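Asker: Residue numbers (my numbering): 525 to 644. No residue lacks a Cβ here, since even glycine has one placed at the ideal position from N, Cα and C. The structure presented is a predicted model; accordingly, all values stated were derived computationally and were not measured.
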Amino acid sequence: MVRTLSRMLLAGIFIAGGFDAFAKPGGRVDKVASSGIPEPEQAVKLNGAAMVIGGTALALNIAPKAAAVLLIGSLIPTTFVGHPFWKESELAARKNQQVQFLKNLGLIGGLLLVLMEKNK
525 MVRTLSRMLL
535 AGIFIAGGFD
545 AFAKPGGRVD
555 KVASSGIPEP
565 EQAVKLNGAA
575 MVIGGTALAL
585 NIAPKAAAVL
595 LIGSLIPTTF
605 VGHPFWKESE
615 LAARKNQQVQ
625 FLKNLGLIGG
635 LLLVLMEKNK
């Protein structure tokens with residue numbers, strides 16, 4: 525029961541954030557474009573779709589380890605492209621991006637725990 529609840533809680537941010545990125549790529553596209561990734565709008569939408577699919581699978585306990593791998597694969601570029609706090613010159617912006625960067629590392633940690641679970 526705790527495992528199921530934990531997965532659902534972990535999945536929520538991926539479902540909500542992924543849907544938002546897919547439906548309204550907006551400012552994310554500029555960050556992706558400036559990083560040199562080709563087809564930035566499609567990349568943002570693909571990343572958002574991956575988060576929705578992975579998050580939904582994780583929440584519903586459908587291939588949770590595969591979902592965790594998909595989400596980690598999606599979150600790594602999101603973290604480095606979306607929250608490069610070391611590039612911020614203004615202190616408040618730097619701290620905000622650092623918090624988001626570290627939050628994403630925490631999410632990766634949670635997903636790694638899913639990967640380490642023993643099969644029932």
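#1: Could you give the C-beta distance for V638 and A592, rounded to a whole number, given that I count them as a contact under 8 Å?
#2: Specify the secondary structure class of P564 as computed by DSSP and reduced to three states.
#3: If you reduce the DSSP assignment to three classes, tell me which class K548 lands in.
#4: Rounded to the nearest angstrom, what separates K642 and P588 at their Cα positions?
#5: Which residue comes first and which comes last in the alpha helix (DSSP H) that contains F625?
#6: Please determine if the region 577-587 and the region 546-563 are in contact, where contact requires at least 3 C-beta pairs separated by less than 8 Å.
#7: Which ranges does the beta strand (DSSP E) cover as unbroken runs of at least 3 residues, wholly within the region 556-614, from first to last along the chain?
#8: Buried or exposed, going by whether 16 or more other CB atoms sit within 10 Å of the CB of A617?
#9: Who are the near neighbours of V568 in its chain, counting only those whose CB is closer than 6 Å to its CB and skipping five residues on each side?
#10: Check whether the Cβ atoms of A535 and G606 lie closer than 7 Å to each other.
#11: Is M532 helix, strand or coil when you go by DSSP?
Answerer: On the basis of the data shown:
#1: Here residue 638 corresponds to residue number 114 of the sequence shown, with the count starting at 1. Here residue 592 corresponds to residue number 68 of the sequence shown, with the count starting at 1. That pair is a contact at about 4 Å.
#2: Position 40 of the sequence shown, counted from the start, is the residue given in the question as residue 564. P564: helix per DSSP, three-state reduction.
#3: Within the sequence shown, residue 548 is the residue found at index 24, counting from 1. The answer is coil: DSSP assigns K548 none of H, G, I, E or B.
#4: Residue mapping note: residue 642 aligns to position 118 of the sequence shown, counting from 1. Residue mapping note: residue 588 aligns to position 64 of the sequence shown, counting from 1. When rounded, the distance between both Cα atoms is 11 Å.
#5: The residue given as residue 625 occupies position 101 in the sequence shown. Start and end: L615 to M640.
#6: Too few Cβ pairs lie closer than 8 Å, so no.
#7: When DSSP assignments are scanned along the region 556-614, no uninterrupted stretch of beta strand (DSSP E) that is 3 or more residues long falls wholly within it.
#8: Counting from one through the sequence shown, the residue named residue 617 turns up at place 93. Burial call: exposed.
#9: Start at 1 with the first residue of the sequence shown, and residue 568 comes out as number 44. So the qualifying residues of the chain are A545, P549, R552, V553 and V556.
#10: Counting from one through the sequence shown, the residue named residue 535 turns up at place 11. Counting from one through the sequence shown, the residue named residue 606 turns up at place 82. One thing to note: A535 has its Cβ no nearer than 7 Å to the Cβ of G606.
#11: Stepping through the sequence shown from its first residue, residue 532 is reached at position 8. Correct three-state label for M532: helix.
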